[in-house]
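Novice: Numbering (the working numbering), first residue to last: -12 to 550.
Backbone N, C-alpha and C fix where the C-beta goes; we use that ideal spot for every residue, glycine too.
Below you will find the structure I want to go over with you.
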RNA sequence: CGGGGUGUGGCGCAGCCCGGGUAGCGCGCACGGUUCGGGACCGUGAGGUCGAGGGUUCAAAUCCCUCCACCCCGACCA
């Protein structure tokens, strides 16, 4: 590809709308342009990278027996009504105005529809179906360049199995394929246990990349022996003690004491003696959650436990329901609430909590004697420095970007859409499904996040738009032009992917800066300085290392360096 | 959807607060010339509904109102 005629609009200045490095560099390198919030045009250089990533994904999916589909993005809304997901997705689903159609944000429905019509027998399974296709989601807040867009390319696959054991196998095959894909794309990633969320199902894992730009929070053991999304992460923390004897309840005046820290200081007691009351709506039901001391309630865990949308109860409603304000709420004598507690408090006594009367607390609470607790569950948010559940190392809390997600779906969709097969005994059974996703653009952005320096992108050969950036330093010197042209045609002949900078009126410095910005693994630099000594320079983008080789050795050297 | 910010030639910005003369600067672009190994230089030139609509005023990029777009934080995110 000749730069003089090619379309690679590089820019010197960092665009003001781009905050994270990958976004800045993708714009500066002429890979993408923003059309509208969360909607990007991919220019030729960026699209070459995209096609390479797609190719890698296809190869690894094919290797586990995946069969590639091409499914429509326009889906009849009826299909989505049947699974209840028009409501679930809400405003995140794009609706078509002049037809009863929606733009598909994912494809469980269509896959299920095909399976329902054509998978009739246990003999038809297992199946792994995948596609690489544009998804549409009306994200309320697109951000971070291509990391969260309203239109994006996704590899989504679906496994169809007859048994849960078989699902495990399909799931494991995907996990292996995903590891290979991300490794081949040159990414340093880790795998975390994740929440199944509203997708339902029995298990899920996320493939994450550590990054300050990430939207997810991950608890990671310092020795990497444990990793989990904060939504599900647990840790080893001491439980509350149960004293042999429970003393009688006692009301204490605690004027102006609102927070747990103030209460601990006022009463001069340890946090572990205090039971914090957190009050939420679970759909329409008021719920009081007891946490030890200042433990932070994890809303994701609460929502998963109650299978409901949860949100804090508003101050006015709280007073109406309890007769007191936040800071004085407690479990004793509270009517009309579902009361649950964190596992840490299981069976505890001698606790202090709110009296449901402003400025008063109760001492000597015995949860078993004085309250009706509907259950003890893990509801706390882990904190940095706590011991991982395996006891091996301390946890640190990091931000992460989700590259891929694998799900054991089960029968949620096959039940909803009656996708059944006949087993060996002729009985109809629902197909057991898994679903698996990879964000293609995220691979690209993450690769840049992990592989760049102050001068630009540093591509791995595997997904670099070109392997060699050939620079004719000056087009004024006939010999340099002749040698550059010769090397260019030699490289093309040898099947080397080469971008050739033969722009006539661009200064050498500009060409070097562009080459570093665009980040091809090798730069082959033809200048009069070295040519006159019978040499051509090869520069490794990653290390900055330079070497001089004879012109007739260039092809051999390039091939060796790229191997 | 809450909070904050920004919209001025292709890009990056100044001007706005505190109302007045042909709306500036850098980059890029075109033409001519000089340069040619780390984002060259000189000269000439093209290019603007100042996000949109309305209002106040003799006069609005600037003041007021409404709307829109984009960015950041939060909420949300199979």
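Between the C-alpha atoms of residue 175 and residue 196, what's the straight-line distance to the nearest angstrom?
Specialist: 7 Å
Novice: Compute the distance between the beta-carbons of residue 452 and residue 36, then report whether it is under 8 Å.
Specialist: In this structure, the beta-carbon distance from residue 452 to residue 36 falls below 8 Å.
Novice: Which term fits residue 169, buried or exposed, when burial requires 16 or more other beta carbons within 10 angstroms of its beta carbon?
Specialist: Answer is buried; the Cβ neighbour count reaches 16.
Novice: Since residue 30 and residue 62 should fall inside the 8 Å C-beta cutoff, what is the C-beta to C-beta distance between them, to a whole number of angstroms?
Specialist: With 8 Å as the limit, residue 30 and residue 62 do not qualify as a contact, their Cβ atoms being about 29 Å apart.
Novice: Determine the direct distance from the alpha carbon of residue 7 to that of residue 371, and round the result to whole angstroms.
Specialist: Cα to Cα, residue 371 sits roughly 25 Å from residue 7.
Novice: Kindly indicate the opening and closing residues of the alpha helix (DSSP H) around residue 236.
Specialist: Residue 236 -> no alpha helix (DSSP H), and no H or E assigned at all.
Novice: Looking at the secondary structure, which residues open and close the beta strand (DSSP E) in which residue 469 lies?
Specialist: No beta strand (DSSP E) holds residue 469; the alpha helix (DSSP H) holding it covers 465 to 480.
Novice: Mind checking which residues open and close the beta strand (DSSP E) that includes residue 268?
Specialist: 262 to 269
Novice: Could you give the first and the last residue of the continuous beta strand (DSSP E) run that contains residue 62?
Specialist: 61 to 63
Novice: What first and last residue would you give for the alpha helix (DSSP H) that runs through residue 254?
Specialist: 247 to 254
Novice: Exposed or buried, which one is residue 151 when buried takes at least 16 other CB atoms within 10 Å?
Specialist: exposed
Novice: Which of the three DSSP states is assigned to residue 70 in this structure?
Specialist: coil
Novice: With a threshold of 16 other CB atoms inside 10 Å of the CB of residue 231, please say whether the residue is buried or exposed.
Specialist: exposed
Novice: Would you kindly report the start and end of the unbroken beta strand (DSSP E) that includes residue 23?
Specialist: 19 to 23 is the extent of the beta strand (DSSP E) around residue 23.
Novice: Going by CA-CA distance only, name the one from 40, 529, 295 and 395 that's closest to residue 160.
Specialist: 395
Novice: Please state the DSSP three-state secondary structure of residue 328.
Specialist: strand
Novice: Check whether the stretch 439 to 458 touches the stretch 68 to 77, counting contact only when three or more Cβ pairs, one atom from each stretch, lie closer than 8 Å.
Specialist: No: fewer than three Cβ pairs fall under 8 Å.
Novice: By a C-beta neighbour count over all protein chains shown, 10 Å radius and 16 as the cutoff for buried, is residue 481 buried or exposed?
Specialist: exposed
Novice: Entirely within the stretch 72 to 97 and at least 4 residues each: give me those alpha helix (DSSP H) ranges in chain order.
Specialist: 72 to 76
Novice: Under 8 Å Cβ to Cβ from residue 310, same chain only, skipping five residues before and after it: list those, please.
Specialist: 343 and 344
Novice: Specify whether the stretch 307 to 323 and the stretch 287 to 296 touch according to this definition: at least 3 beta carbon pairs, one from each stretch, less than 8 Å apart.
Specialist: no
Novice: With DSSP collapsed to three states, give me the class of residue 450.
Specialist: Residue state, collapsed to three classes: coil.
Novice: I think residue 114 touches residue 146, with their Cβ atoms under 8 Å apart; what is that distance to the nearest whole Å?
Specialist: 7 Å
Novice: Is residue 253 near residue 244, with beta carbons less than 8 Å apart?
Specialist: yes
Novice: Could you check what DSSP says for residue 227 in three-state terms: helix, strand or coil?
Specialist: coil
Novice: Determine the direct distance from the alpha carbon of residue 56 to that of residue 66, and round the result to whole angstroms.
Specialist: 19 Å
Novice: When DSSP builds the beta bridges, which residues end up paired with residue 197?
Specialist: 387
Novice: With distances taken between CB atoms, is the gap from residue 190 to residue 117 smaller than 8 Å?
Specialist: no
Novice: If you draw a straight line from the alpha carbon of residue 240 to that of residue 347, how long is it in whole angstroms?
Specialist: Between the alpha carbons of residue 240 and residue 347 lies a distance of about 5 Å.
Novice: With a Cβ-Cβ cutoff of 8 Å, do residue 99 and residue 404 count as a contact?
Specialist: yes
Novice: According to DSSP, what are the bridge partners of residue 166?
Specialist: BP columns for residue 166 are empty, so no partner.
Novice: At the level of alpha carbons, what is the spacing between residue 97 and residue 378?
Specialist: 44 Å
Novice: By alpha-carbon positions, which one of 166, 202 and 207 ends up nearest to residue 180?
Specialist: Nearest neighbour of residue 180 by Cα position, chosen from 166, 202 and 207, turns out to be 207.
Novice: How many whole angstroms separate the CB atoms of residue 382 and residue 354, which I take to be in contact at a CB cut-off of 8 Å?
Specialist: With a Cβ gap of about 28 Å, residue 382 and residue 354 do not count as contacting.
Novice: Which value, in whole angstroms, describes the spacing of the CA atoms of residue 133 and residue 531?
Specialist: So the two alpha carbons sit approximately 29 Å from each other.
Novice: Quick one: residues in its chain with C-beta nearer than 8 Å to the C-beta of residue 24, no 5 flanking neighbours on either side, listed in chain order?
Specialist: 129 and 137
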